[in-house]
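The C-terminal position of the sequence shown is numbered 1430 in the working numbering, with every residue numbered one higher than the one before it.
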Amino acid sequence: MAKFSAFAVAKEAMRSNKGWEKQWENPEPRSSYDVIIVGAGGHGLATAYYLAKEHGITNVAVLEKGWLGGGNTGRNTTIIRSNYLYDESAGMYNHAINLWEGLSQELNYNVMFSQRGVMMIAHNVHDVQVFQRHVHANRLNGVDNKWLTPGEAKAFCPPLSISKSARYPVMGAALQKRGGVARHDAVAWGYARKASEMGVHIIQQCEVKGINRDAKGAVTGVETTRGTIGAKQVGVVAAGHTSVLMEMAGVQMPLESYPLQALVSEPVKPIFPCVVMSNTVHAYISQSDKGELVIGAGTDQYTSYSQTGGLHIATHTLEAICEMFPIFGRMKMLRSWGGIVDVTPDRSPIVAKTPVKGLYVNCGWGTGGFKATPGSGNVFAHTIAKDAPHKINEGLHLERFRTGRLVDEAAAAAVAH
Ligand code: FAD
Ligand code: PYC
């Protein structure tokens, strides 16, 4: 009898599936494209997909220095919600949730979007005031969000301790029931497969080293580790590395790059029914469909390009988790890692044209861009195709850092910075 090998079975399944085959083709770059997207994370791949699907622009290359989805897209804790404070954010994140709700069907790929509810815990009077303000602002913007007493929070998430003697007692919670999680790498693979089917080239192991411009300053293409590639339009979607890339075209960005770390536990049977976040104690948690507890921390306190996990962060985060959920006190942890997030001064993203003709940028999602992936790609594709922002991203421009018209979402970022 042939020896069973799960790997061989998976490989065969990939070979016999036309979409997969194309996705892994890694084609030779053409000498030029209509549009080059730098970065094959979820946002870059979604941009390519919507350029092809909604604007008929298929002569597109997505250039990736590593492998697709190997950046923050494959490293995040997959929390999806839209309970931000300002109109600009409500527009963007609600647009994203609307797209999430039909994404598996649209891509014919199960992204495992699960609207199990996101609950943000308040541990002090300041938290209570801030979250209640968010609940009211969200409702005005048509975003679902609800205030819960400690007892109601425990009823929604039974493992939560609401002991009054806790160091940081639970004083209430804000619950967005429409929020939840999705499978992060499936999102990259799903967009990649559909974009590839429509003719988009997804070129991995192809690092962009320079951005070329003509005598008038307009973009003419890029220098890469696989040669010079021409394009009249270049979209930079390279979270964590945006400043480095934009500097190649002489544009200075208002960004800082920080590591953000996460970890998973050994897999256990279903125990945790929702997503819980606590900015005050620096921890957030959910359970993946594989059974692992998925746990994340606040950003590291120094700028760096490190993608590793550090024990000091894990320990601090796990102390917070065990205080909120004593039931997990004896769980073993499996692995930890980091991703590099780029953070703007107002903690809101930039999805915009730049002062350089033909150059566009999508960045600054910081600790919270996974949830935006479909919406971000959708409006960025519009911005490139029309050379003008979509109504949804018109407030998320670069000039706000010069004029001071900021979109201050520091509290809604909900992850300690
Ligand atoms: P990425 O997926 O990072 O893609 C950018 C790509 O650009 C990378 O693949 C990179 O290799 C490539 N690249 C860089 N430089 C070059 C170059 N010179 N040439 C070619 N390619 C290049 N967000 C949420 O909404 N919810 C969460 O729960 C959440 N948790 C997080 C937890 C962690 C630990 C981390 C690190 C992030 C988390 N985020 C979360 C944030 C979220 O992951 C990111 O905002 C989002 O994934 C960014 O997607 P992206 O496609 O822009 O970037
Ligand atoms: O933005 O919801 C979020 C988030 C959770 C964990 C990291 N970011």
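Built from N, CA and C at the ideal position, the CB exists for glycine as well. Note that the coordinates shown come from a computational prediction; the quantities given were computed from them, not determined experimentally.
The bridge partners DSSP lists for residue 1274 are 1351. In this structure, residue 1251 lies away from residue 1075, with their beta-carbon atoms at least 8 Å apart. Taken through DSSP and simplified to helix, strand or coil, residue 1269 comes out as strand.
Unbroken alpha helix (DSSP H) runs of no fewer than 4 residues, entirely contained in the region 1073-1154, are found at 1100-1120 and 1138-1153, following chain order. In its chain, beyond the 5 residues on either side, 1362 have a beta carbon closer than 6 Å to the beta carbon of residue 1378. The C-alpha of residue 1253 is placed about 9 Å away from the C-alpha of residue 1085. Residue environment analysis places residue 1381 among the buried positions, since at least 16 neighbouring C-beta atoms fall within 10 angstroms of its C-beta. DSSP, read as helix, strand or coil, puts residue 1039 in coil.
In the three-state reduction of the DSSP assignment, residue 1060 falls in the helix class. Using a cutoff of 7 Å, the CB of residue 1239 does not count as near the ligand PYC, since none of the ligand's heavy atoms is closer than that. Beta-bridge partners of residue 1189 (DSSP): 1131.
The beta carbon of residue 1097 lies closer than 7 Å to those of 1103, 1106, 1422 and 1425 in the same chain, with the five residues before and after it left out.
Between residue 1189 and residue 1157, the C-beta spacing is below 8 Å. Of the residues 1169, 1207, 1413 and 1174, the one whose Cα lies closest to the Cα of residue 1116 is 1207. The Cβ atoms of residue 1045 and residue 1244 lie closer than 8 Å to each other.
In the structure shown, residue 1209 falls within a helical segment according to DSSP collapsed to helix, strand and coil. By the Cβ neighbour-count rule, residue 1232 is buried, with 16 or more other Cβ atoms within 10 Å of its own.
Judged by their CB atoms, residue 1356 and residue 1271 are nearer to each other than the 8 Å cut-off. Taking C-beta separations shorter than 7 Å and ignoring five residues to either side along the sequence, the partners of residue 1145 in its chain run 1160, following chain order. If you draw a straight line from the Cα of residue 1376 to the Cα of residue 1364, it is about 7 Å long. Contact holds between the region 1339-1358 and the region 1276-1284, because three or more Cβ pairs, one in each stretch, are under 8 Å apart. In the structure shown, the three-state DSSP call for residue 1222 is strand. Straight through space, the alpha carbons of residue 1224 and residue 1416 are spaced by roughly 27 Å. The C-beta distance from residue 1081 to residue 1205 rounds to 5 Å, short enough to meet the 8 Å contact threshold. Residue environment for residue 1062: buried (at least 16 other C-beta atoms within 10 angstroms of its C-beta). Taking 7 Å as the cut-off, one finds at least one heavy atom of the ligand FAD near enough to the beta carbon of residue 1254. DSSP places residue 1331 inside the alpha helix (DSSP H), whose first and last residues are 1324-1337.
Around the beta carbon of residue 1177, fewer than 16 other beta carbons sit within 10 angstroms, so the residue counts as exposed. If you ignore the 5 residues before and after residue 1326, its C-beta comes within less than 6 Å of the C-beta of 1274 and 1310, all in its own chain and listed in chain order. Judged by DSSP secondary structure, residue 1237 falls within the beta strand (DSSP E) whose first and last residues are 1232-1237. By the Cβ neighbour-count rule, residue 1196 is buried, with 16 or more other Cβ atoms within 10 Å of its own. With a cut-off of 8 Å on Cβ pairs, the region 1384-1404 is not in contact with the region 1331-1344, counting fewer than three such pairs. Taking C-beta separations shorter than 7 Å and ignoring five residues to either side along the sequence, the partners of residue 1170 in its chain run 1132, 1286, 1287 and 1289, following chain order. When only Cα atoms are considered, residue 1418 and residue 1282 end up about 48 Å apart.
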